[in-house]
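Its first residue numbered 115, the sequence shown is counted upward by one per residue in the working numbering.
Think of the CB as a built atom: it goes at the ideal place given N, C-alpha and C, for glycine as much as any other residue.
Structure, as structure tokens:
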Amino acid sequence: MIESLRKICRDLLQSNEVQVVIGYGQSGPGKPVHPVFVRRPEDIHQLVWNEHCYTNLVAYLKRKEVQSLGKAAIIVKGCDERALVVLEKESQLERKNLHVIGVACEGMGEPRLRKCQTCKVRLPRFANEVVGQMASAVDDSRPRWNELEEFLKQSPAERMAYWVEELGRCLKCYACRQVCPLCYCERCLVDKNRPTCINTSATPKGNFAWHITRAFHLAGRCVGCDECTRACPVGIDLRLLNQSLARAAEEQFNYRAGMDPQAEILLGSYSLQDKESFIG
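Right under this line is the structure:
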């Protein structure tokens with residue numbers, strides 16, 4: 115699989131169809147996997163593919179320093195590809211200016227499969243080409259909301275106590291924002307100080323304001339790649355916030371972010387068939 119992937123990327127660079135390949139690299143066996151930006155065919159050996167390739171590389175596409183490198187080829191998994199669909203629907207990128215190489219999540223290990231159980235897309239469906247195979251591109255055989263439903267069985271007081279403890283550990287490092295492919299504002303709301311919209315201190319008030327505001331900004335947009343949870347240095351499980359809004363979008367509007375390139379984005383569309391039970 116890795117040799118097929120490297121050959122595709124080498125051919126793209128040699129033909130000058132792309133000027134950079136955004137993929138995964140590793141400095142040695144057992145070392146952490148990290149993003150790499152390969153610009154020369156002779157450096158394509160830097161690319162790796164294994165069960166530790168977690169990062170959603172789509173987050174790099176909106177960075178000016180990456181855009182300045184020229185047309186990019188990007189390696190995506192199924193959940194990553196959903197982020198590409200959302201970015202295109204929000205007019206943040208042009209698909210024709212990007213070469214997408216999809217990879218199957220087969221044998222990706224427990225952390226990756228845990229993500230796949232939420233996202234449900236195991237194989238990219240809209241890539242220029244796909245490396246690897248799976249029996250099904252979308253796995254709907256397992257419920258997606260198990261953890262959320264278990265959490266909601268608790269009383270409101272218990273749930274509030276959980277979030278007070280979880281968010282109380284937040285350092286306000288904004289790693290969740292930096293790795294999210296859909297946090298692409300050049301200047302984030304939390305960085306504005308005239309006026310100050312959100313308390314930037316790592317206090318209970320500031321932490322709640324930051325995480326709840328960010329969750330609502332991702333409502334109807336989050337694709338379930340779980341990068342925010344993976345990147346959090348203190349291990350806050352932000353998926354429960356994102357899942358609650360994703361389930362509401364699906365139940366109220368039959369909408370799943372990034373699943374259908376033809377579907378209108380949730381927050382930018384209106385239908386007479388929309389339910390009204392969410393009002394009030």
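Since residue i and residue j are thought to touch, with beta carbons under 8 Å apart, how far apart are those beta carbons, to the nearest angstrom?
| i | j | result |
| --- | --- | --- |
| residue 341 | residue 297 | Contact doesn't hold; Cβ gap of about 10 Å is too wide. |
| residue 171 | residue 194 | 7 Å |
| residue 354 | residue 261 | 7 Å |
I'd like the list of long-range same chain contacts for residue i, defined as Cβ closer than 6 Å, with 5 residues on each side in sequence excluded.
| i | result |
| --- | --- |
| residue 369 | 363, 380 |
| residue 291 | 297 |
| residue 173 | 293, 295 |
| residue 377 | none |
| residue 383 | none |
| residue 333 | 359 |
| residue 138 | 147, 162, 167 |
| residue 140 | 147, 162 |
Return the residue from the list the options that minimises the CA-CA distance to residue i.
| i | options | result |
| --- | --- | --- |
| residue 217 | 325, 123, 160 | 123 |
| residue 183 | 326, 358, 136, 382 | 136 |
| residue 147 | 263, 328, 165 | 165 |
| residue 300 | 286, 178, 314, 246 | 178 |
| residue 116 | 167, 153, 154 | 167 |
| residue 242 | 287, 189, 305, 235 | 189 |
| residue 285 | 153, 260, 325, 120 | 325 |
| residue 155 | 149, 163, 129 | 129 |
Would you kindly report the start and end of the unbroken alpha helix (DSSP H) that includes residue i?
| i | result |
| --- | --- |
| residue 212 | Not the alpha helix (DSSP H): residue 212 falls in the beta strand (DSSP E), residues 212 to 217. |
| residue 180 | 178 to 181 |
| residue 320 | 318 to 331 |
By the DSSP assignment, the beta strand (DSSP E) with residue i in it spans what residues?
| i | result |
| --- | --- |
| residue 188 | 186 to 190 |
| residue 151 | 147 to 152 |
| residue 128 | No beta strand (DSSP E) contains residue 128, which is instead part of the alpha helix (DSSP H) from 116 to 128. |
| residue 140 | 134 to 140 |
Return the chain-ordered list of same chain residues with a C-beta closer than 8 Å to the C-beta of residue i, the five sequence neighbours on each side being excluded.
| i | result |
| --- | --- |
| residue 132 | 126, 184, 185, 186, 187, 213 |
| residue 207 | 175, 176, 198, 201 |
| residue 351 | 280, 343 |
| residue 181 | 175 |
| residue 319 | 313 |
| residue 287 | 347 |
| residue 273 | 265, 266 |
In its own chain, which residues sit with a C-beta less than 7 Å from the C-beta of residue i, not counting the 5 before and 5 after it?
| i | result |
| --- | --- |
| residue 226 | Residue placement at residue 226 cannot be trusted, given a pLDDT of 49 that sits under 50; what the coordinates show is reported in the next sentence. For residue 226, where only same-chain residues beyond five positions count, the Cβ hits under 7 Å are 165, 168, 219. |
Beta strand (DSSP E) segments (min. 3 residues) lying fully within the segment 242 to 310: 243 to 245
Uninterrupted alpha helix (DSSP H) stretches inside the segment 335 to 374 (no shorter than 4 residues): 341 to 345, 353 to 367
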